[in-house]
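Visitor: To convert a position in the sequence shown, counted from 1, into the numbering used here, add 523.
Backbone N, C-alpha and C fix where the C-beta goes; we use that ideal spot for every residue, glycine too.
Just so we're clear, the structure is a prediction, and the values are computed from it rather than from any experiment.
Pasting a structure here, questions to come.
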Amino acid sequence: MNFETDLDYSFLNSCSEQELFEYIEKNFLSPNIKFDNGFTFSKVCNIMKIICTKVIRITPSKEQWVFLLADCERLLCEACAGAGKTTMAQLRSIKEKLVHNVAGNNILALAYNTHAVEDMKSRHSSIISMINNLGINDLRRDKTICCYTFHSFCKGWVEEYLSDFGITNKAAYLMSDLERKEAMQLSLNTFMKKYNRSIFVSDVVIDALLSVQSYIAETLTIDNVDAWKMCPNISDLSELNFDEIKTILDIYTRYKSLKHKMDFTDLVDNMYKICCRKEVMRRIRANYQVFILDEYQDFTPSMIRIIKLILEGDPALDIESFGGSRLTCIGDGDQSIYGFRGTDPDNCVRFKETFSSPEMLNRITAMSENRRCPEEVIKYARAVIESNSRRINKPIQSIKPGGNVKVNEYVSAEDEMSQLIQKLRRIPQTDLKQTCICYRNQSSSYMIGLQLVRAGIPFRVAKGHVPLTDKLSQSLFDVLNMLSYPDVLSWADRALYKVVPKSSSFTKKVISEVIKTAVETGKATGDSKLF
């Protein structure tokens, strides 16, 4: 099956600038959207040309012009890596301010992480400042934009209705990662005690249970146990069957309810619940008119359900579609790598199906020029990417010549690791800082790190698991430190309980009290300090 953009590339490759603008006006302007304050499409084109070329000094590609000048209710831009999407997305929001006189606090931009949020705000403010410095009163606009991560957006609205969920303490309702782990540990212990089950409990098992819990909430598959098989971490729960996992997760949910707590997945779920109420929906729609979704391919089904309800409404809930709203999504199905978190790789190919109000114009455009990587790198990336049949076709290309790619084949994971270590040993120590190892997933980083330690190759983990920092390794180091420094009482306090016979006489609390008393009474001095 072919998935195409709405771009006519044979025309774009040969058209003049004037022909391009006429093409955009004919194919990417909704009849429902009217220009005010004496604006015409021709005037919009001239203003945006001045801003691009004279103010921020960029020359948009033809694809970028289509994305920037399109005026339709629902727009998806398939933007490849390094295509300049952040700047172009902010120019679109600025165009909303200039042409349609939309206030900054009526524009909602949702980014994937806090770093992207700050980048969006900074880029928007910078471009507006440059426009305002032109001294043209008709073009002066506010620098604000409502920009959040999806979870912080949900958090802001859910906190206004916390009492509806039985929560009165706004300061302590959201669980930290440590609280989540402790709650899941307690839930697992409760399960084992109630059903007389003995399971080897480790950090891996607790993390896997939390991962599955998040996955089924984000994918809306809580009642579809078969769908849980797609969660990568499910393999770490081989001692449990699906019914047992569901029971543990039910205990975890009841625990949160009893403690009047929420985790991050609850924020999204509860946001949907309040959005189903007409009075809440009226308030949300009164705040926002323009919606910009960055990294659309990384939105989960639970997130898209909320956005769709806000924009498209739901007859079953007696909520009509949001007339006058405009949605711009920027994403790249080729970069959909967070399936383990519950994201849907088909978000982009299903865009028109998801946002399908017949009275609104729905278009898909693209930005396919990579400005970051040289052509040789793009050539190999394109060969891999284009093997996927379920993707929106775009002619990925580089504007930078050159590049050097070497492909090494291997017969097993052990062979791959051996080749990697041998290659690194041939690199001079002074050049190792300029060497980056990328791995497919974070679990791979643990074994790579161990091999680098054994080979004596210095390294730093930018993102992943640092070797020998797991709970078992840390316990071992604590005991070794205690044995190495028997006169340092803090090590005895930290590790002695781990190696004495397990009984009520030698618990961590009892040993800590003994040490504390010895210090306070002056008995822990000289040779007496030796445990």
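Taking the beta strand (DSSP E) that Gln820 falls in, what are its first and last residues?
Guide: From DSSP, Gln820 is part of no beta strand (DSSP E); its letter is neither H nor E.
Visitor: Assign Val1022 to one of two classes, buried (16 or more other C-beta atoms within 10 Å of its C-beta) or exposed (fewer than that).
Guide: Under this definition Val1022 is an exposed residue.
Visitor: Would Cys871 and Glu601 qualify as a contact pair, given that the criterion is a beta-carbon distance under 8 Å?
Guide: Closer than 8 Å, so yes.
Visitor: Kindly indicate the opening and closing residues of the alpha helix (DSSP H) around Ser649.
Guide: Taken as a continuous stretch (DSSP letters only), the alpha helix (DSSP H) holding Ser649 covers 637 to 655.
Visitor: Helix, strand or coil for Gly854, going by three-state DSSP, please let me know.
Guide: Correct three-state label for Gly854: strand.
Visitor: Helix, strand or coil: how does DSSP classify Gln920 here?
Guide: Three-state result, Gln920: strand.
Visitor: State the start and end residues of the unbroken beta strand (DSSP E) segment that holds Ile579.
Guide: Premise fails: Ile579 is in no beta strand (DSSP E) and is neither H nor E.
Visitor: Compute the beta-carbon to beta-carbon distance between Ile757 and Phe714, rounded to the nearest angstrom, for a pair I have assumed lies under 8 Å.
Guide: Wrong, their Cβ atoms sit about 17 Å apart, outside the cutoff.
Visitor: Throw me the rounded Cβ distance for the Ser616 and Ile630 pair, which I believe falls under 8 Å.
Guide: About 5 Å; that satisfies the 8 Å criterion.
Visitor: For Asn560, count the other beta carbons within 10 Å of its own beta carbon; 16 or more makes it buried, fewer makes it exposed. Which is it?
Guide: That one is exposed.
Visitor: Between Asp855 and Ala604, which are expected to be in contact by the criterion C-beta below 8 Å, what is the C-beta distance as a whole number of angstroms?
Guide: Confirmed, Cβ separation roughly 7 Å.
Visitor: Counting C-beta neighbours from all protein chains within 10 Å, is the total for Ile668 16 or more, i.e. buried, or is it exposed?
Guide: Buried, by the Cβ-count rule.
Visitor: By DSSP's criteria, Phe673 is part of a beta bridge. Which residues make up the other side?
Guide: Beta-bridge pairing links Phe673 to no other residue.
Visitor: In terms of residues, what are the limits of the alpha helix (DSSP H) holding Ala740?
Guide: Counting along the chain, the alpha helix (DSSP H) containing Ala740 begins and ends at 726 to 741.
Visitor: Under the DSSP definition of a beta bridge, which residues are partnered with Asp1016?
Guide: According to DSSP, Asp1016 bridges with nothing at all.
Visitor: Give the secondary structure of Ala889 by DSSP, where H, G and I count as helix, E and B as strand, and everything else as coil.
Guide: DSSP places Ala889 in strand when its eight states are reduced to three.
Visitor: Quick one: which unbroken alpha helix (DSSP H) runs of 4-plus residues sit fully inside the stretch 526 to 558? Chain order, please.
Guide: List check, alpha helix (DSSP H) in window: 532 to 535, 540 to 550.
Visitor: Output yes or no for whether 8 Å exceeds the beta carbon distance between Met653 and Val567.
Guide: Contact flag unset, no.
Visitor: I'd like the span of the alpha helix (DSSP H) that includes Arg977, first residue to last.
Guide: That run of the alpha helix (DSSP H) goes 965 to 978.
Visitor: Report yes or no: do the stretch 684 to 694 and the stretch 721 to 735 share at least 3 C-beta pairs separated by less than 8 Å?
Guide: Not touching, per the Cβ criterion.
Visitor: Rounded to whole angstroms, what is the Cα-Cα separation between Ile581 and Glu542?
Guide: Taking the straight line from one Cα to the other gives about 20 Å.
Visitor: Which residue's Cα is closest to the Cα of Glu545: Ser565, Ile815, Val813?
Guide: Per the Cα distances, Ser565.
Visitor: Mind checking Pro1009: buried by the 16 CB within 10 Å criterion, or exposed?
Guide: That one is exposed.
Visitor: Threshold first: 3 residues or longer. Then list the beta strand (DSSP E) segments lying entirely within the stretch 612 to 636, N to C.
Guide: Within the stretch 612 to 636, the complete beta strand (DSSP E) runs of at least 3 residues are 630 to 634.
Visitor: Mind checking whether Ala593 and Ile651 have CB atoms under 8 Å apart?
Guide: Cβ distance not < 8 Å, so Ala593 and Ile651 don't count as in contact.
Visitor: How many angstroms separate the CA atom of Thr1040 from the CA atom of Asp700?
Guide: Distance between the alpha carbons of Thr1040 and Asp700 is about 34 Å.
Visitor: Just verifying my parser: in three-state terms, what is the DSSP assignment at Arg873?
Guide: Of the three classes helix, strand and coil, the one that applies to Arg873 here is coil, per DSSP.
Visitor: Going by Cα to Cα distance, which pick from Leu999, Met804, Phe822 is closest to Glu843?
Guide: Selected option, being the one with the closest Cα: Met804.
Visitor: Hey, how far is the Cα of Arg913 from the Cα of Arg873?
Guide: The straight-line gap from Cα to Cα measures roughly 10 Å.
Visitor: From the DSSP output, in three-state form, read off Leu697 for me.
Guide: Of the three classes helix, strand and coil, the one that applies to Leu697 here is strand, per DSSP.
Visitor: Entirely within the stretch 769 to 838 and at least 3 residues each: give me those beta strand (DSSP E) ranges in chain order.
Guide: Whole beta strand (DSSP E) segments, 3+ residues: 813 to 817.
Visitor: Can you tell me whether Cys677 is buried or exposed, with buried defined as 16 or more other CB within 10 angstroms of its CB?
Guide: Cys677 is buried by the Cβ-count criterion.
Visitor: Buried or exposed: Tyr933, going by 16 or more other Cβ atoms within 10 Å of its Cβ?
Guide: That one is exposed.
Visitor: Between which two residues does the alpha helix (DSSP H) containing Cys568 stretch?
Guide: That run of the alpha helix (DSSP H) goes 564 to 573.
Visitor: Suppose the cutoff is 8 Å on Cβ atoms and the five residues either side in sequence are ignored; what does the same chain contact list for Asp841 look like?
Guide: Excluding residues within five positions, the ones whose Cβ falls inside 8 Å are Lys801.
Visitor: One question on the structure: do Ser968 and Gly987 come within less than 8 Å of each other, judged by their Cβ atoms?
Guide: The answer is yes: Cβ separation under 8 Å.
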